[in-house]
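Enquirer:
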Amino acid sequence: MSEAKQRDEIARLAKSLFERGLTFGSSGNISVRLDDGWLMTPTGSSMGAIDPARISKLDLRGTHISGDKPTKESFLHTAMYDQRPNAGAIVHLHSTHSVAVSCLHDIDHNNVLPPLTAYYVMRIGTLPLIPYFAPGDMDLARAVSEMANRHHAVLLANHGPVVAGKSLSDAVYATEELEETAKLFLALQGMRTRPLTDDQVTDLRKRFPTQT
Ligand SMILES: [Zn+2]
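Using the numbering used here, the letters of the sequence shown map in sequence onto residues 44 to 255.
#1: Where does K226 fall in DSSP's three states?
#2: Could you tell me the distance, in whole angstroms, from the CA atom of L103 to the CA atom of W81?
#3: Which same chain residues end up closer than 7 Å to S188 when comparing Cβ atoms and leaving out the 5 residues on each side of it in sequence?
#4: Closer than 7 Å: is that where the CB of E219 sits relative to any heavy atom of ligand 1?
#5: Tell me the DSSP secondary structure of S59 in three-state form.
#6: Considering only heavy atoms of ligand 1, list every residue whose Cβ is less than 6 Å from one of them, following chain order.
#7: Which stretch, first to last residue, makes up the alpha helix (DSSP H) that contains S109?
#8: Spatial neighbours of K58 within its chain, please: C-beta separation below 8 Å, excluding the five flanking residues on both sides.
#9: Below 8 Å between beta carbons: does that hold for P95 and A54?
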């Protein structure tokens, strides 16, 4: 896809996420890998009103070369790309249900959500929890980096998900699947539930090897 089309696609999908309440205020950010660097949504911008021409462009060394200044959370994206050479795009949101799950006391830090549906297993698989760090703390980048070689999706404690995909639409769909599964998980709290069995999960992994 040409850079111009990628820019339009970022604006279109960011607006769609915003209009459906998956992101709000100036939170959330998106990046796409290009042959000669990266596109990233600008700092302080609403995902509902991204101007394709003002999207930040970074060169292969991560230096800002054009457009508005990139998101302050750009280090989350570069930490993930560094470990995942096949990742073509990354989405990071503060989506409510995913954040709610990230604040729960009794969750498995190695894999936060149970395999409630086949599509969750196919699009996310396992989801580790990254410990809480203040915004901008470079230890957060280090913690993401340590997990990113084994996981294309991670959940930042008391903060939100970071999800890589082969393409931007893949990353967006996976982030939406995660948010909806978090919503299901919360709706089922206190109820006896029947997640997929280990055998069912293994079978799905064979049929649909995880992308990126
Ligand atoms: Zn964030």
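By construction, the Cβ of each residue, glycine as well, lies at the ideal position given by its N, Cα and C atoms. All figures in this text were calculated on a predicted structure; none of them were measured in a lab.
Expert: The answer reads as follows:
#1: helix
#2: In a straight line, the C-alpha of L103 is about 7 Å away from that of W81.
#3: Cβ neighbours of S188 beyond the five flanking positions: A122, D125 and Q126.
#4: Because no heavy atom of ligand 1 lies under 7 Å away, the Cβ of E219 does not count as near it: no.
#5: helix
#6: E116, H135, H137, H202 and G203
#7: Per DSSP, S109 belongs to no alpha helix (DSSP H); it is in the beta strand (DSSP E), H107 to S109.
#8: M90, G91, A92 and I93
#9: yes
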